[in-house]
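Per the numbering used here, the sequence shown starts with residue 7, numbered consecutively.
Ideal Cβ positions, reconstructed from N, Cα and C, are used throughout, including at glycine.
Every value quoted in this text rests on a predicted model; they were computed, and no experiment measured them.
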Amino acid sequence: MDALQLKTLRKHQIQPINSILDRRDTLVIAPTGSGKSAIFQVPALVMHQKHYTWTLVIEPTLSLMEDQVQALNAKGIRANQISGNHPMDFGHITVTTDGPVCALDLSAPFLYITPERLQSEAFQKSINENPPSLVVVDEAHCVLDWGYTFRSSYLKIGKWISTLKKRPVVAAFTATAPEAYRSKICSLLGMD
Numbered sequence: 007m008d009a010l011q012l013k014t015l016r017k018h019q020i021q022p023i024n025s026i027l028d029r030r031d032t033l034v035i036a037p038t039g040s041g042k043s044a045i046f047q048v049p050a051l052v053m054h055q056k057h058y059t060w061t062l063v064i065e066p067t068l069s070l071m072e073d074q075v076q077a078l079n080a081k082g083i084r085a086n087q088i089s090g091n092h093p094m095d096f097g098h099i100t101v102t103t104d105g106p107v108c109a110l111d112l113s114a115p116f117l118y119i120t121p122e123r124l125q126s127e128a129f130q131k132s133i134n135e136n137p138p139s140l141v142v143v144d145e146a147h148c149v150l151d152w153g154y155t156f157r158s159s160y161l162k163i164g165k166w167i168s169t170l171k172k173r174p175v176v177a178a179f180t181a182t183a184p185e186a187y188r189s190k191i192c193s194l195l196g197m198d
């Protein structure tokens, strides 16, 4: 918590943090400004320190991704991102006889992407060699709001998770999922 510059946790943060640390898939519905990011950042940092694992965070927009990465980096916590604006910040793609391979530096606790990045075969191969211990889907209502219209990559997140050689914990966060959305979000993301 010191690294995140948190003095204390809020009461509503403790149960989902413990759930993630217990390796249980977790859906968090909480208002904007309630500290949802800390709910996944605290266990991600604990897992990184104990087991040298990393967390994949899927954000819907580049601006949200950049805000999160900048905020973590400003606190001295390494966070990387892959986007059109930052495609090669910490990795490179090489072509082998088996096709393209994305060589990523996964030593930072956090890697931020948009769901479309999961469509890259090179990215998928690289991630499967060293899967994340935690996959976070921020603004998880987008899975339903956008997945069936203009961002079908949201509907493929659960299938991608199921292909990993070691299944990560999945945590989904939103402020705006009505009751009817919740089980659908969990189902589409393959959450237990």
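Inter-residue CB distance, residue i and residue j (contact presumed, cutoff 8 Å)
i	j	result
V63	D151	No, V63 and D151 are not in contact; Cβ-Cβ is about 19 Å, not under 8 Å.
V175	I35	About 18 Å; that fails the 8 Å criterion.
G196	G153	Their Cβ separation, rounded to whole angstroms, is 14 Å, which puts G196 and G153 out of contact at 8 Å.
Y160	V142	Contact flag wrong, Cβ pair sits at about 14 Å.
E185	Y118	At roughly 29 Å, the Cβ-Cβ gap does not stay under 8 Å, so E185 and Y118 are not in contact.
Assigned exposure category for residue i - 16 Cβ within 10 Å defines buried
i	result
Q59	Note that residue 59 corresponds to Thr in the displayed sequence, not to Gln. Buried.
R16	exposed
H57	exposed
P37	exposed
Q76	exposed
T103	Low confidence applies here, because T103 scores a pLDDT of 46, under 50, leaving its location unreliable; read the following figure in that light. T103 is exposed by the Cβ-count criterion.
A85	buried
K172	exposed
T120	buried
Through-space distance from residue j to residue i, alpha-carbon basis
i	j	result
P93	S168	Note that P93 has pLDDT 49, beneath the 50 cutoff, so the model's placement of it is unreliable and the number below is only indicative. The alpha-carbon atoms of P93 and S168 are separated by roughly 25 Å.
I191	A146	7 Å
F129	R123	7 Å
S132	L170	11 Å
D198	T32	9 Å
P22	S193	19 Å
S40	G82	22 Å
H54	T67	25 Å
R157	P138	23 Å
V89	S126	Val is not the amino acid found at residue 89; the sequence shown has Ser there. Cα to Cα, S89 sits roughly 12 Å from S126.
T155	Y187	16 Å
K162	N24	27 Å
E72	A80	12 Å
S189	L70	25 Å
Residue i vs residue j beta-carbon contact at 8 Å
i	j	result
L140	T61	yes
A50	F116	yes
F46	A177	yes
A44	Q74	no
L10	V48	yes
N134	L112	no
CB contact check: residue i to chain B, cutoff 8 Å
i	result
W166	The structure shown has no chain B; it contains just one protein chain.
Counting only runs that start and end within the stretch 119-185, where is the beta strand (DSSP E) found for 3 or more residues in a row? 140-144, 175-180
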